[in-house]
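Counting from 1, position 177 in the sequence shown corresponds to residue 177 in full-length UniProt numbering; the numbering is continuous, with no gaps. Ideal Cβ placement from N, Cα and C applies to all residues, glycine included. Please read these numbers as outputs of a predicted model, since none were measured by experiment.
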Amino acid sequence: MTTISVDRLLALLLGLRYRQVVTLKRTRLIAIGGWIVSVVAASTSFLNPLIGLLYQYIVIAFCLVTTICAYIKIFMSLRHNQIHGQNHIVQGQSSQANTLNKARYRKAVYSALWVQVTLVICYLPYGIAAALTPQRGIRLSTYLALQFTATLVLLNSSLNPFLYCWKITEPHRRKVVEMENFTGGENLQTVAERLCSAELTGEVHSELIFLSVVNTCLSITASLGNALILVALYKDTSIHPPSKLLYCSLAITDLCVGIIVEPLNVAHWTSVVNKRWDICYYTYLTAYTPSVTLCSVSLVTLTAISVDRLLALLLGLRYRQVVTLKRTRLVAIGGWIVSIVGSSISFLKPLIDSLYQYIGAPFWLVTTICAYTKIFMSLRHNQIHGQNHVPQSSEVNTLNKARYRKAVYSALWVQVTLVICYLPYGIAVALTIQRGMSLSTYLALQFRATIVCLNSSLNPLLYCWKITGVRQAVKETLQLHFCIN
1 MTTISVDRLL ALLLGLRYRQ VVTLKRTRLI AIGGWIVSVV AASTSFLNPL IGLLYQYIVI
61 AFCLVTTICA YIKIFMSLRH NQIHGQNHIV QGQSSQANTL NKARYRKAVY SALWVQVTLV
121 ICYLPYGIAA ALTPQRGIRL STYLALQFTA TLVLLNSSLN PFLYCWKITE PHRRKVVEME
181 NFTGGENLQT VAERLCSAEL TGEVHSELIF LSVVNTCLSI TASLGNALIL VALYKDTSIH
241 PPSKLLYCSL AITDLCVGII VEPLNVAHWT SVVNKRWDIC YYTYLTAYTP SVTLCSVSLV
301 TLTAISVDRL LALLLGLRYR QVVTLKRTRL VAIGGWIVSI VGSSISFLKP LIDSLYQYIG
361 APFWLVTTIC AYTKIFMSLR HNQIHGQNHV PQSSEVNTLN KARYRKAVYS ALWVQVTLVI
421 CYLPYGIAVA LTIQRGMSLS TYLALQFRAT IVCLNSSLNP LLYCWKITGV RQAVKETLQL
481 HFCIN
């Protein structure tokens with residue numbers, strides 16, 4: 001960011017000489033040098049944390065001061081030009097505006113400044129939390145402050161692409177065109193018309209028949225399996241009620257996939273094979289919103305489960321007072337409402353819905369990764385130091401440590417399975433945006449959508465495998481109704 005601010009200042013000062021002085025080769029050397037210096041500085045923290053801290057404070061202060069000075073000089077010059085009504089930015093012929101439009105230069109400066117300000121806003125809270133931690137010591141409040149502000153730092157990486165598309169005209173125009181190439185127009189109805197056409201689907205009837213058979217089987221297994229899991233969770237008393245509620249919410253989403261989404265997918269593919277384009281059109285529109293909603297609820301619920309396990313580690317005896325059934329119910333209902341609203345936007349503007357998904361999914365995944373990383377770092381620290389319990393603020397003071405570790409691994413298995421099933425579809429969507437809708441990308445989307453639905457059939461097996469109480473309740477239910485020994 002400092003290099004960009006200096007680049008804008010040089011464009012202002014050098015004028016016609018700018019392109020001769022600021023060359024691609026020199027800029028590449030500066031970028032490589034920045035990476036090398038940053039890697040070396042980060043590596044020193046393993047040898048001497050104090051040296052690393054001093055280096056960071058010096059470099060951060062130097063970069064911020066340099067950036068501020070560069071932008072002050074730029075805006076003073078632009079202000080001077082505006083007051084005196086000149087046609088170029090600085091005196092004489094040494095102005096970039098002699099060859100580049102002054103308004104274009106001003107826009108480039110503001111674009112860079114927006115990115116700089118966003119970075120400072122995202123990084124500043126973490127800097128404040130890191131400065132307060134040595135003074136107050138590591139405790140629950142300072143630890144949570146560090147983790148939440150660290151998530152805000154990571155949020156900056158997700159915000160930057162939207163700033164580029166918003167403030168830089170050409171990438172924005174190109175991305176909108178790519179999105180419209182995928183959606184085929186301004187609304188979901190146009191997408192359905194493109195997908196329900198003989199030109200696109202005329203040569204894939206055998207593949208669609210195969211997918212219909214597979215999804216019919218998955219619909220049955222997902223419906224029966226998750227209904228059985230809901231009964232087992234109701235009977236199981238070994239799981240803490242808030243945690244049980246989150247697992248019930250996840251099982252309900254999988255049950256809805258088996259009852260609603262997969263039958264609609266089968267009806268959609270069957271109508272394509274039979275060339276019933278009117279049925280194809282309406283089944284696609286009907287299936288889209290439930291599909292997006294249920295996927296979003298699954299991500300939100302698994303994130304809530306990971307945070308629940310982290311709070312159990314951090315709060316200790318206070319966990320049952322803080323994480324109550326009422327609060328967990330509000331979180332679960334809020335996740336459903338946000339997901340329904342977000343997916344419904346697609347009927348108004350597909351681009352807005354895509355942005356919602358690109359922001360929401362990374363946020364939930366990053367939060368989950370941070371939660372599990374902290375959990376396993378704490379468990380690893382406990383193992384290395386040979387302690388009999390995790391530090392004082394841990395749930396394992398009242399619940400067995402092995403039991404807590406098993407609960408964490410159970411939730412992690414479900415999370416990893418979801419990522420494995422969802423990731424291929426995300427890659428297929430990204431490739432479709434780049435390459436446009438064709439026969440190969442259409443088939444890739446359909447097959448990977450089936451893998452997404454497969455997740456709803458795998459989850460009941462994971463519950464039975466990893467959660468002892470659920471497995472025992474499932475056995476008792478099956479023995480009661482089918483006389484299974």
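Enumerated in chain order, which unbroken segments of the beta strand (DSSP E) with a length of 3 residues or greater are wholly contained in the region 244-285? Complete beta strand (DSSP E) runs here, min 3: none at all.
For G127 and V366, what's the separation of their Cα atoms in angstroms? 20 Å
Any beta carbon of chain C sitting closer than 8 Å to that of I60? The question asks about chain C, but that chain is absent: this structure has only one protein chain.
Output needed for T441: all residues of its chain with C-beta closer than 8 Å, excluding positions within five of it in sequence on either side, in chain order. A428, L431, T432, R435
Sorted by chain position, which residues of the same chain lie with C-beta nearer than 8 Å to L245's C-beta, five sequence neighbours on each side aside? L325, T328, R329, A332
Of the choices T303, I4, T216, whose alpha-carbon is the least far from that of W114? I4
From what residue to what residue does the alpha helix (DSSP H) around S219 run? 205-235
Can at least three beta-carbon pairs, one atom from the region 230-238 and one from the region 304-315, be found at a separation below 8 Å? no
Mapping the DSSP letters down to three states, classify V22 as helix, strand or coil. coil
Residue burial classification, P242 (beta-carbon count within 10 angstroms, cutoff 16): buried
C-alpha gap between M1 and V120, whole angstroms: 10 Å
Give me the Cα-Cα distance between R79 and H381, rounded to the nearest whole angstrom. 57 Å
Residue nearest to C217 in terms of C-alpha spacing, selected from L480, I451, A473, Q472: I451
Within 10 angstroms of its Cβ, does P460 collect 16 or more other Cβ (buried), or is it exposed? buried
Looking only at its chain, what residues have a beta carbon closer than 7 Å to the beta carbon of D7, apart from the 5 residues adjacent to it on each side? V22
DSSP three-state assignment for V292, whether helix, strand or coil: helix
Whole-angstrom distance between P134 and Y247, CA atom to CA atom: 39 Å
Helix, strand or coil: how does DSSP classify V197 here? At residue 197 the sequence reads Ser, which differs from the Val that was named. Taken through DSSP and simplified to helix, strand or coil, S197 comes out as coil.
Buried or exposed (CB count within 10 angstroms, at least 16 for buried), Y319: buried
Tell me the rounded alpha-carbon separation between A61 and S38. One alpha carbon belongs to A61, the other to S38, and they sit about 15 Å apart.
Let's test the definition: count the other Cβ atoms within 10 Å of the Cβ of S291 and tell me whether it reaches 16, buried, or not, exposed. buried
Selection from L163, Y404, L146, E262 that minimises the alpha carbon distance to Q446: The candidate whose alpha carbon is nearest that of Q446 is E262.
Which class does V120 belong to by DSSP, given the choice of helix, strand or coil? helix
Looking at V307: is its Cβ nearer than 8 Å to the Cβ of A371? yes
Where A304 sits in the DSSP three-state scheme: helix
Of the residues K466, H268, Y425, L454, the one placed nearest S219, counting alpha carbons only: L454
DSSP on T142, reduced to helix/strand/coil? helix
Run the CB neighbour count on Q415, radius 10 Å, all protein chains shown included, and call it buried at 16 or more, exposed below. Q415 sits buried, since 16 or more C-beta atoms from the chains shown fall within 10 Å of its C-beta.
Starting from I239, trace the alpha helix (DSSP H) in both directions and tell me its first and last residue. Segment: none, I239 is in no alpha helix (DSSP H) and carries neither H nor E.
Using the three-state DSSP reduction, which class does G202 fall into: helix, strand or coil? G202 falls in the coil class under three-state DSSP.
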